[in-house]
Amino acid sequence: MYVRHLQVGSFRNWEHVDLPLGPGPTVFVGRNGEGKTNLVEAIGYLATMGSHRVSSDAPLVRHGAEQAVVRAALRRGDRELLVEIEINPGRANRVRVNRGPLPRPRELLGMVRTVLFAPEDLALVRGDPTERRRFLDELLVTRTPRLAGVRSDYDRVLKQRNALLKTARLARGKAIETLDVWDGHLTDYGGQLLAARLHLVADLAPHMSEAYAEVAGEGAVVAGLGYSSTVPLAGTGSAVAPGAPVPSAAELTEAMRERIAERRNDELDRGMTLVGPHRDDLVIHLGPAQAKGFASHGESWSLALALKLATFALLRGEGEDPILILDDVFATLDAERRAALAAVARSAEQTLITAAVVDDVPEELRGVRVEVGGGYAVVVKDGPGVGERAVVEGRVP
Amino acid sequence: MYEGAVQDLIDELGRLPGVGPKSAQRIAFHLLSAESTDVSRLVAALTRVQQEVRFCVTCYNVAEAEQCRICRDPRRTDDVLCVVEEPKDVVAIERTREFRGRYHVLGGAISPIDGVGPDDLRVKELMTRLMNGAVTELIIATDPNLEGEATAAYLARLVSPMGLAVSRLASGLPVGGDLEYADEVTLGRAFEGRRRIDA
Ligand SMILES: Nc1ncnc2c1ncn2[C@@H]1O[C@H](COP(=O)(O)OP(=O)(O)OP(=O)(O)O)[C@@H](O)[C@H]1O
Ligand SMILES: [Mg+2]
Ligand SMILES: [Zn+2]
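Written as structure tokens, this is what we have:
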């Protein structure tokens, strides 16, 4: 799929942008701080209803404005998809698809598919488990939109149960009567979420090994993925063997129920839920070791890149190229890794690249540029004659 | 902060459900600038509610007498009892005309985040009502959201030693919602197709 036209209003530093885009690679170039990343961030928001840079929506709304709007016309095969999101920080977003309002904003998830690679992704390898869980769950929902509901129900039960555990700590016995009930709901949703994550990790693992081999070049150690869980049946953290069977949601629910029962006293002491997918981690392996705290800086970068390329390959394998977004990444890669990324970027149905210095971007990707600066975004294409440039379209403050 | 009386009004309004600090301020200033007859009517309505409307001593529905209209109605059957969260749910179910038994209003749902546990609901009162043996079927019609489901599961477990038929409204209700927003036909159908829960 590709974005054919992007409009944003009061999004980040942009008051209004109206930008025609096309399939193939497009490079957004301009000086630091002009708003290049902001434009691709808006497209990423259509896919995940979140930003790759901040966890809340408030920073996305232009200073002084009440709400931001992102509107995009996409092509999906031979079909046109019109998506419009009104971002209302602190309140529910309003989403319209093909001009019809969606009853629930989260029904949008899965319709627009992007894979975004940015400097922030180093945290996938080196950061907290939270980052990796978010990565897994976002991808999960992209592939299986139904899981957005399971995930939000799980979070809600978790909040209720933690609130109960906190009060139960003060008044033991009294509140515990109802704990069993929340356990039932928690393990129910938890089992579904776990099963889905395990399937995802198993599907992603072979793509990860392949992508890392391409990125790191000949003779590099093998990278792999594993899942480490607080639920015994769900994962030991070691790399997933190809074709390894995944326990069913029902089995995982049961295993989680047993484990929770065993840990009840600890949970009461600490006043929080200690067992479940919210405490698990995606484990990235480099050879026999866990990458976190072990891989060098360069290796960590390669692993993060490979994870995103693996995601791209997985989604592509399901029938349709996601939109590939590469935010400010070419400058940090060496020649070999740059070439590996360029190969995928060239083949993707649409690749959107940001760079402060256009020379950092491999030449074959530079044909179409959006020059960003002074509050304008202008589309520039290489003209018919060699070296000639023609302003095709663009504007706007 | 405003001076005494105005701030008191804003604080009180802000304690109402669904009214945030901003709206509380807006309502307060609206009242300050409103015609004094309008404000008097509001005050009178509040006073009347406080003095004349009370909760039915049997089912805790709103009532203008000791017992509500439904509890006093001799044509209704005593063997089926429908448990709901709020009086507004009684109104919603009555609209469907599917149900001829009696009600029990819990006064909310279990929600630890809001500090609401079974002791804060009329659960003890429900158990006392069930004790006399007249009720043989219990329909749990709490809201089809997480807290409603948790309350239903808790009640089902609690009454299971009594050997009643316990059922939950059938699916088809919009999940995550409020009973009162379900339309009559959907709610009526959910009643017809209620399913047994075995705790
Ligand atoms: N909510 C907002 N309202 C107004 N301006 C904002 C808002 N959020 C961010 N900005 C501005 O947007 C600019 C950053 O834009 P962006 O991150 O897209 O830059 P960039 O072109 O990608 O730069 P770089 O080359 O450094 O990555 C900053 O100047 C910042 O002050
Ligand atoms: Mg940037
Ligand atoms: Zn009554």
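Protein chains in written order, with my numbering: chain A, 3 to 399; chain B, 339 to 537.
Quick reminder that beta carbons are idealized off the backbone N, C-alpha and C, glycines included.
Here the structure is a predicted model, which means the values were calculated and not measured.
- Query: Opposite residue 388 of chain B in the DSSP bridges: which residues?
  - Reply: Your numbering for residue 388 of chain B matches position 50 in the second sequence. DSSP output for residue 388 of chain B lists no bridge partner at all.
- Message: Just to make sure I have the definition right: I need the residues of chain A whose C-beta is within less than 7 angstroms of the C-beta of residue 445 of chain B. Which are they?
- Response: Counting from 1 along the second sequence, the entry for residue 445 of chain B is found at position 107. None at all; the shortest Cβ gap to chain A is about 16 angstroms.
- Using a Cβ-Cβ cut-off of 8 angstroms, state whether residue 487 of chain B counts as contacting chain A. Numbered from its first residue, the second sequence carries residue 487 of chain B at position 149. At least one chain A Cβ lies under 8 angstroms of residue 487 of chain B.
- Task: Below 7 angstroms between beta carbons is the criterion; list the residues of the stretch 434-464 of chain B that meet it against any residue of chain A, in chain order.
- Result: The residues in question are 448, 449, 450, 451, 455, 456.
- Neighbourhood of ligand 2 [Cβ distance below 7 angstroms to any heavy atom], ordered by chain position: A/38, A/39, A/329, A/330, A/356
- Could you say if the stretch 386-400 of chain B and the stretch 357-368 of chain B meet the contact criterion of at least three C-beta pairs nearer than 8 angstroms? no
- Query: Around the C-beta of residue 162 of chain A, are 16 or more other C-beta atoms found within 10 angstroms, so that it is buried, or is it exposed?
  - Reply: Position 160 of the first sequence, counted from the start, is the residue given in the question as residue 162 of chain A. By the 10 Å Cβ count, residue 162 of chain A comes out buried.
- Task: Taking only heavy atoms of ligand 1 into account, decide whether any of them is closer than 7 angstroms to the Cβ of residue 31 of chain A.
- Result: Taking the first sequence and counting its residues from 1, one reaches residue 31 of chain A at position 29. Residue 31 of chain A Cβ: outside cutoff for every heavy atom of ligand 1.
- Task: Count the other CB atoms, across all protein chains shown, that sit within 10 Å of the CB of residue 262 of chain A; report buried if there are 16 or more and exposed otherwise.
- Result: Walking along the first sequence from the start, residue 262 of chain A turns up at place 260. Label assigned to residue 262 of chain A: buried.
- Please work out which residues of its chain come closer than 7 angstroms, Cβ to Cβ, to residue 116 of chain A, disregarding the five sequence neighbours upstream and downstream, and give them in chain order. One-based indexing of the first sequence puts residue 116 of chain A at position 114. Once the five neighbours on either side are set aside, the close Cβ partners of residue 116 of chain A are 45, 46, 49, 324, 325, 327.
- Query: Which one of A/160, A/312, A/14 has the shortest CA to CA distance from residue 184 of chain A?
  - Reply: If you number the first sequence from 1, residue 184 of chain A lands on position 182. Closest by alpha carbon: A/160.
- Beta bridge counterpart(s) of residue 352 of chain A as assigned by DSSP: Start at 1 with the first residue of the first sequence, and residue 352 of chain A comes out as number 350. Answer by DSSP bridge pairing, in chain order: A/26.
- Task: Give the single residue among A/4, A/367, A/139, A/122 whose Cα lies nearest to the Cα of residue 74 of chain A.
- Result: In the first sequence, residue 74 of chain A corresponds to position 72, counting from 1. Closest by alpha carbon: A/4.
- Is it the case that the CB of residue 399 of chain B approaches a heavy atom of ligand 3 more closely than 7 angstroms? Position 61 of the second sequence holds residue 399 of chain B. Answer for residue 399 of chain B: yes, Cβ within range of ligand 3.
- Spell out whether any CB of chain B is found under 8 angstroms from the CB atom of residue 376 of chain A. In the first sequence, the residue the question calls residue 376 of chain A occupies position 374. So no, residue 376 of chain A is outside the interface.
- Message: With three or more beta-carbon pairs closer than 8 angstroms as the criterion, would you say the stretch 249-257 of chain A touches the stretch 207-223 of chain A?
- Response: no
- Task: Please look up how many angstroms separate the CB atoms of residue 347 of chain A and residue 355 of chain A, rounded, as I've assumed it's under 8 angstroms.
- Result: Reading the first sequence from its first residue, position 345 is the one you call residue 347 of chain A. Reading the first sequence from its first residue, position 353 is the one you call residue 355 of chain A. Right, their Cβ atoms sit about 7 angstroms apart.
- Task: Kindly say whether residue 387 of chain A, judged by its beta-carbon, lies nearer than 8 angstroms to any beta-carbon of chain B.
- Result: Within the first sequence, residue 387 of chain A is the residue found at index 385, counting from 1. Its pLDDT being 44, under 50, residue 387 of chain A is placed unreliably in this model, and the value from its coordinates should be taken loosely. It does not: the Cβ of residue 387 of chain A has no partner Cβ on chain B nearer than 8 angstroms.
- Query: Grouping DSSP H, G and I as helix and E and B as strand, with all else coil, what is residue 371 of chain B?
  - Reply: Numbered from its first residue, the second sequence carries residue 371 of chain B at position 33. The answer is helix: DSSP assigns residue 371 of chain B an H, G or I state.
- Through-space distance from residue 248 of chain A to residue 446 of chain B, alpha-carbon basis: The count along the second sequence starts at 1 and reaches residue 446 of chain B at position 108. The count along the first sequence starts at 1 and reaches residue 248 of chain A at position 246. If you draw a straight line from the Cα of residue 446 of chain B to the Cα of residue 248 of chain A, it comes to about 40 angstroms.
- By DSSP, does residue 69 of chain A sit in helix, in strand, or in coil? For the purposes of this step, residue 69 of chain A is taken as residue 67 along the first sequence, with counting starting at 1. Coil.
- Could you pull the start and end residues of the alpha helix (DSSP H) that residue 522 of chain B belongs to? Residue numbering aside, residue 522 of chain B sits at position 184 when the second sequence is read from its first letter. Residues 522-530.
- Which residues of chain A have a Cβ atom closer than 7 angstroms to the Cβ of residue 491 of chain B, listed in chain order? The count along the second sequence starts at 1 and reaches residue 491 of chain B at position 153. Going along chain A in sequence order, the residues near residue 491 of chain B (Cβ under 7 angstroms) are 183, 186.
- Between residue 435 of chain B and residue 106 of chain A, what straight-line distance do the alpha-carbon atoms span, to the nearest angstrom? Working through the second sequence from its first residue, we reach residue 435 of chain B at position 97. Working through the first sequence from its first residue, we reach residue 106 of chain A at position 104. Using only the alpha carbons, I get a separation of about 31 angstroms.
- Is the closest heavy atom of ligand 3 to the C-beta of residue 477 of chain B under 7 angstroms? By 1-based counting over the second sequence, the position of residue 477 of chain B is 139. No.
- Query: Any Cβ of chain A within less than 8 angstroms of the Cβ of residue 351 of chain B?
  - Reply: Numbered from its first residue, the second sequence carries residue 351 of chain B at position 13. Chain A places no beta carbon closer than 8 angstroms to that of residue 351 of chain B, leaving this residue out of the contacts.
- Euclidean distance between Cα positions of residue 275 of chain A and residue 167 of chain A: To locate residue 275 of chain A, count along the first sequence from 1; it is residue 273. To locate residue 167 of chain A, count along the first sequence from 1; it is residue 165. Roughly 8 angstroms separates the two Cα atoms.
- Task: With a floor of 4 residues, list each alpha helix (DSSP H) that falls wholly inside the stretch 295-369 of chain A, ordered by position along the chain.
- Result: Counting whole runs of 4 or more residues, the stretch 295-369 of chain A contains the alpha helix (DSSP H) stretches 299-319, 337-349.
- Query: Can you name the residues that DSSP bridges to residue 162 of chain A?
  - Reply: Your numbering for residue 162 of chain A matches position 160 in the first sequence. Answer is none; residue 162 of chain A lacks a bridge partner.
- Message: Could you tell me the alpha carbon to alpha carbon distance between residue 98 of chain A and residue 7 of chain A, rounded to whole angstroms?
- Response: Working through the first sequence from its first residue, we reach residue 98 of chain A at position 96. Working through the first sequence from its first residue, we reach residue 7 of chain A at position 5. In a straight line, the C-alpha of residue 98 of chain A is about 16 angstroms away from that of residue 7 of chain A.
- Task: Starting from residue 158 of chain A, find everything on chain B with Cβ-Cβ shorter than 8 angstroms and list it in chain order.
- Result: Taking the first sequence and counting its residues from 1, the one referred to as residue 158 of chain A is at position 156. Result: 484.
- Item | residue 420 of chain B beta carbon near ligand 3 (any heavy atom closer than 7 angstroms) | In the second sequence, residue 420 of chain B corresponds to position 82, counting from 1. Incorrect: residue 420 of chain B has no Cβ contact closer than 7 angstroms to ligand 3.
- Task: Identify, in the order they occur along the chain, each residue of the same chain with its Cβ nearer than 7 angstroms to the Cβ of residue 142 of chain A, setting aside the five sequence neighbours on each side.
- Result: If you number the first sequence from 1, residue 142 of chain A lands on position 140. Correct list, in chain order: 149, 198, 199, 202.
- Query: Does DSSP put residue 88 of chain A in a helix, in a strand, or in coil?
  - Reply: Mapped onto the first sequence, residue 88 of chain A falls at position 86. In this structure, residue 88 of chain A counts as strand in the three-state DSSP scheme.
- Item | Through-space distance from residue 425 of chain B to residue 399 of chain B, alpha-carbon basis | In the second sequence, counting from the first residue as 1, residue 399 of chain B sits at position 61. In the second sequence, counting from the first residue as 1, residue 425 of chain B sits at position 87. Cα-Cα distance, rounded: 5 angstroms.
- Out of A/123, A/114, A/82, point me to the one whose CA is closest to residue 100 of chain A's CA. For this step, residue 100 of chain A is matched to residue 98 along the first sequence. Taking only the C-alpha atoms, the option nearest residue 100 of chain A is A/82.
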